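Just so you know, we're using the working numbering here: the sequence shown kicks off at 8 and counts up by one.
All C-beta atoms, glycine included, are put in the ideal place defined by N, C-alpha and C.
Remember, it's a predicted structure, so these values are computed and weren't measured experimentally.
Below is one structure; the comments refer to it alone.
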Amino acid sequence: MSDSLNLNLPDAPRVLIVKPSSIGDIVHALPVLALLRKRYPQAHITWLVSASCSALLDRHPLIDRTMIFHRRGNPIFATIRLLARLAVERFDMVIDLQGLSRSAIFGAATRASLRIGPADAREWAYLLYTHRIPTGRRTVHAVEGNLRIAEAIGLGREPVEFPLPDDPADRAAIEPLLPRQPFAVLIPGTVWKTKRWPVERFAELVRPLRERFNLATVVAGGPSDIKMAAAIPADVNLAGKTTLRQSIALLRKAALVIANDSGPMHIAAALDRPLIALFGPTDPKLTGPYQREDSVLRLAIPCSPCHSRRCSHMSCLRWIRAQDVLSLVESQINRKGAMTPR
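In structure tokens:
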């Protein structure tokens, strides 16, 4: 990367980070937040986030304020209200890590003199930036693209940290629900149906995890995953019963996490948990668990990755057997450098 830009920011700048969604994308942006706070400890940092993801950043020790974008109700009115709020703010710098027209418009509404974004932003968003940073995000991992922006604006790129919430109240809420022995967390849900490993395969894991690895099983997910979770004979079913922050507390204690390409999978990777991440239509080189290639399980078939939400056969995931997953379990739970569950 070339020398950083000379931005001439004050010692305590007012900074807006624009990264509304999704859970995994926000996790990928957390290293920029950590580097920003390290470089400008007196900065006032605001993060613009969607209501559905706001719990991930609520009361975050590195953030002074979250500005929530509500998508429910009339989206036009919600956008107009947010633009009006942004127009009266006095930000010194906006960092758009979303790179879409809407996020760029939010940044432009602030009229900040410094509006930073990716040069390869989509939907003509780059036209609204004052500084465009080459990220190569169509060819490199999303975290790497974000780090290139951080480096270009003088934040450096190390250490790469994922500061996730760790609230004692969340730990206390989840503790009574957990097995008394080490456990694996099974996460069968995803937003895209084409990213889902068949739920019956998850069910096949329960018995061998107990008999071969002495691991109890906990199935987790949101309200939309309740039906799938019911098909898995896990020791504990927490689908639809935990908040996002409680789910983070759950993943912190897991001896192993087995998940599709999803937000919780990225949280588990950020927490450095032993992990098996199942990939099909998406490319783990771009959006997989960061620097955890050893945890990825995918089939190299000609049509994968297709990046499609529709598929008539879903062979890339259907052809992955439970035994293929189990063959990776021992190497993951014994992975050098993995943190011991708390």
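Task: Same chain only: Cβ atoms within 6 Å of Leu324, ignoring 5 sequence neighbours per side - done: Numbered from its first residue, the sequence shown carries residue 324 at position 317. Correct list, in chain order: Trp204, Gly287.
Open item on the list: Between the alpha carbons of Glu158 and Leu40, how many angstroms are there, rounded?
Closed with: To locate residue 158, count along the sequence shown from 1; it is residue 151. To locate residue 40, count along the sequence shown from 1; it is residue 33. One C-alpha to the other measures close to 12 Å.
- [ ] Would you mind reading off the limits of the beta strand (DSSP E) that contains Ile265?
- [x] Residue numbering aside, residue 265 sits at position 258 when the sequence shown is read from its first letter. DSSP places Ile265 in the uninterrupted beta strand (DSSP E) bounded by 263-267.
Open item on the list: Per DSSP, what are the beta-bridge partners of Ile272 in this structure?
Closed with: The sequence position of residue 272 within the sequence shown is 265, counting from 1. Before going on, a small fix: residue 272 reads as Met here, not Ile. DSSP lists no partner for Met272.
Task: CA nearest to the CA of Asp281, picked from Thr224, Ala191, Phe209 - done: By one-based count along the sequence shown, residue 281 stands at place 274. Per the sequence shown, residue 281 should be read as Pro rather than Asp. Nearest C-alpha to Pro281: Ala191.
TODO: Provide the residue span of the beta strand (DSSP E) that contains Thr249, from first to last.
DONE: Against the sequence shown, residue 249 aligns to sequence position 242. Where Thr249 is concerned, there is no enclosing beta strand (DSSP E), given that its DSSP letter is neither H nor E.
Open item on the list: Suppose contacts are defined by Cβ-Cβ distances below 8 Å. Is Ile235 in contact with Pro172 by that definition?
Closed with: Translated into positions along the sequence shown, residue 235 becomes position 228. Translated into positions along the sequence shown, residue 172 becomes position 165. At residue 235 the sequence reads Met, which differs from the Ile that was named. Not closer than 8 Å, so no.
- [ ] Report the partner residues of Gly124 according to the DSSP bridge assignment.
- [x] Position 117 of the sequence shown, counted from the first residue, corresponds to residue 124. Per DSSP, Arg139.
TODO: Please say whether Arg208 and Ala329 have beta carbons closer to each other than 8 Å?
DONE: The residue given as residue 329 occupies position 322 in the sequence shown. The residue given as residue 208 occupies position 201 in the sequence shown. Against a cut-off of 8 Å, the Cβ pair of Arg208 and Ala329 comes out as a contact.
Task: Anticipated Cβ contact below 8 Å, Pro271 with Val150, distance rounded - done: Counting from one through the sequence shown, the residue named residue 271 turns up at place 264. Counting from one through the sequence shown, the residue named residue 150 turns up at place 143. About 17 Å separates the CB atoms of Pro271 and Val150; that is not less than 8 Å, and the two are not in contact.
Task: Contacts around Thr250, its chain only, beta-carbon distance under 7 Å, and the 5 residues preceding and following it disregarded - done: For this step, residue 250 is matched to residue 243 along the sequence shown. Correct list, in chain order: Ala62.
Task: Local Cβ density within 10 Å of Ser334, reported as buried at 16 or more and exposed below that - done: The count along the sequence shown starts at 1 and reaches residue 334 at position 327. Exposed, by the Cβ-count rule.
Task: DSSP bridge partner residues for Ile24 (one or two, in chain order) - done: Counting from 1 along the sequence shown, the entry for residue 24 is found at position 17. According to DSSP, Ile24 bridges with Trp54, Ile102.
Open item on the list: For Pro27 and Phe76, which I take to be in contact (beta-carbon distance under 8 Å), what is that distance rounded to the nearest angstrom?
Closed with: The count along the sequence shown starts at 1 and reaches residue 27 at position 20. The count along the sequence shown starts at 1 and reaches residue 76 at position 69. Indeed they touch by this definition, with Cβ atoms about 5 Å apart.
Open item on the list: What does the alpha-carbon distance come out to for the pair Asn153 and Asp268?
Closed with: Counting from one through the sequence shown, the residue named residue 153 turns up at place 146. Counting from one through the sequence shown, the residue named residue 268 turns up at place 261. Going by the C-alpha atoms only, they are around 20 Å apart.
Task: Contacting residues, own chain, Cβ-Cβ under 6 Å from Asp242 (five flanking each side not counted) - done: Position 235 of the sequence shown, counted from the first residue, corresponds to residue 242. Cβ within range, chain order: Pro186, Ala223, Thr224.
Open item on the list: If you reduce the DSSP assignment to three classes, tell me which class Phe169 lands in.
Closed with: On the sequence shown, position 162 is the one that residue 169 refers to. Coil.
Open item on the list: Under 8 Å: do the segment 110-123 and the segment 172-181 share three or more Cβ pairs, one atom per stretch?
Closed with: no
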